[in-house]
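> Provided herewith is a single structure, encoded as structure tokens, for subsequent inquiry.
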Amino acid sequence: MNRLGKFFRKTYDKILDIFFPLDKKCIFCNKEIVDFKEKPYCESCEKEIFNNENKCIKCDTKIKEGNIVCDNCKSHKRNFEKCLCPLNYENNVRKSILKFKDDNAIYLAKSYAKIIYEYLNHHQIKFDVVTFVPSHKSKIKKRGYNPAQVLAEELSKLFGIEVKETLAKVTLTQSQKTLSFTDRQQNLKDSIIVINSKSIKSKTILLVDDIVTTCATVDHCSKLLKGYAEKVFVCAIARNHIGKNQRKNKDEEKKMIEI
Ligand SMILES: [Zn+2]
Ligand SMILES: [Zn+2]
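With the sequence shown counted from 1, adding 15 to any position gets you the working numbering.
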């Protein structure tokens, strides 16, 4: 191919990427893949991205072999039945989710939803209503969307179950990024309210978030929903395993991102 040909080929590929960004590349490492519709990730990512190690039966965080429940779930009674996160929030998964959350890559939601859908089916999770962790309107205005809501809408399509807006974030809280579980709980208190409570009365809810770090946000939302609902299951794309026992270092802690 001559230089002009190469130029047109590159331009054509770029245009394809803009309009069909997911048609042929692994959503985590960008490697070309053949059967995107079947799996939106490549074989080498498949070996690394899944949250497959020994994990807490309640919150899906990694725990030492032989243990069943993590220390946090032992010391804090959870308001949700189970928190389900198919992927590990690290390396390329982390990069991909940051693109989804902060770089307008809304198209990724479809693929994430598919991964969550298969994981929930595998665990035979049943529910009547899909809802999501709310974001403050100033944040939505800045970002243009609430990632958890976009994800909930895609999951709702896959399950054929309606998505309902049941929670609202009424005060802009201090960023959760560097706070401990207890500080996060205090920070969240009164910042979220239940709306549309009739629609969740005696129902089993699927509460959707993008990533879960300490469970403080999803647990607080579950507590509010449980004021009306029967049960709450939580799901997110990925689990950030930086808990009490796994906290790596201060820099890593700073990278933690929730709502
Ligand atoms: Zn890959
Ligand atoms: Zn746990």
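Each residue gets a CB set at the ideal place from its N, CA and C atoms; glycine is no exception.
What is the DSSP secondary structure of residue 144, counted as helix, strand or coil?
In the structure shown, residue 144 sits in a strand (DSSP, three-state: E or B).
> Can you give the Cα-Cα distance for residue 281 and residue 167, rounded to whole angstroms?
For residue 281 there is no data in the structure shown, the boundaries of the chain being 16 and 274.
> Select from 41, 72 and 102 the residue whose C-alpha is nearest the C-alpha of residue 64.
102
> Within the continuous alpha helix (DSSP H) that includes residue 174, where are the two ends?
162–174
> Would you decide whether residue 164 is buried or exposed? Buried here means 16 or more other CB atoms lie within 10 Å of its CB.
buried
> How big is the Cα-Cα spacing for residue 157 and residue 185?
16 angstroms
> Could you check whether the Cβ of residue 43 sits closer than 8 angstroms to any heavy atom belonging to ligand 1?
yes
> Any idea what DSSP makes of residue 182, helix, strand or coil?
Three-state result, residue 182: strand.
> Can you list, in chain order, the residues of its chain whose CB lies under 6 angstroms from that of residue 256, leaving out five sequence neighbours each side?
76 and 77
> From what residue to what residue does the alpha helix (DSSP H) around residue 114 run?
106–117
> Does the distance from the C-beta atom of residue 223 to that of residue 250 stay below 9 angstroms?
yes
> Give the DSSP-derived three-state secondary structure of residue 130 in the structure shown.
helix
> Along the chain, where does the beta strand (DSSP E) that runs through residue 155 open and close?
Not the beta strand (DSSP E): residue 155 falls in the alpha helix (DSSP H), residues 152–158.
> Three-state secondary structure (DSSP) at residue 248?
strand
> Just to check, is the beta-carbon of residue 107 closer than 8 angstroms to a non-hydrogen atom of ligand 1?
yes
> Excluding the 5 residues preceding and the 5 following residue 147 in the sequence, name in chain order all residues of the same chain whose CB lies nearer than 6 angstroms to its CB.
163, 164, 167 and 223
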